[in-house]
Amino acid sequence: MATFRTLQHGSADEEHLQEYLGQLAMQFRGTRDQAIRRDIADDYSQTVGKLIKRGTWNEMPSLEDQLPQQWMPKHFFEYWSGQTQ
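Using the numbering used here, you'd call the opening residue of the sequence shown number 102 and step up by one each time.
Right, dumping it as structure tokens:
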């Protein structure tokens, strides 16, 4: 079972969602357990999807707030390359 903290997305604003990406990235780097990493990457992907859906996400997360490239969701790169805007 994953040990990372879950944010209540229903009332979270964009800033909190962006902060949550950083928290997830930090938790990802803090574990080597592949099952936990998969859970964190899934949560990260869902959070990215929520930010994209808002249509107002205009600041790319810093590198330390991202997962390693191979773990980043495809829709993150599509969004920031302008393919889904």
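Beta carbons are placed, not taken as given, at the ideal position from N, Cα and C, and that holds for glycine.
Return the chain-ordered list of same chain residues with a C-beta closer than 6 Å to the C-beta of Trp172, the five sequence neighbours on each side being excluded. Ala142
Given this structure, state the Cα-to-Cα distance separating Met161 from Ile153, to the nearest angstrom. Met161 and Ile153: Cα-Cα distance of roughly 11 Å.
7 Å Cβ shell around Leu168 - same chain, five flanking residues per side excluded: Ala126, Phe129, Ala142, Tyr145
What did DSSP end up calling Glu160 once you bin it into helix, strand or coil? coil
Whole angstroms are fine: how far does the CA of Lys151 sit from the CA of Ser182? The C-alpha of Lys151 is placed about 17 Å away from the C-alpha of Ser182.
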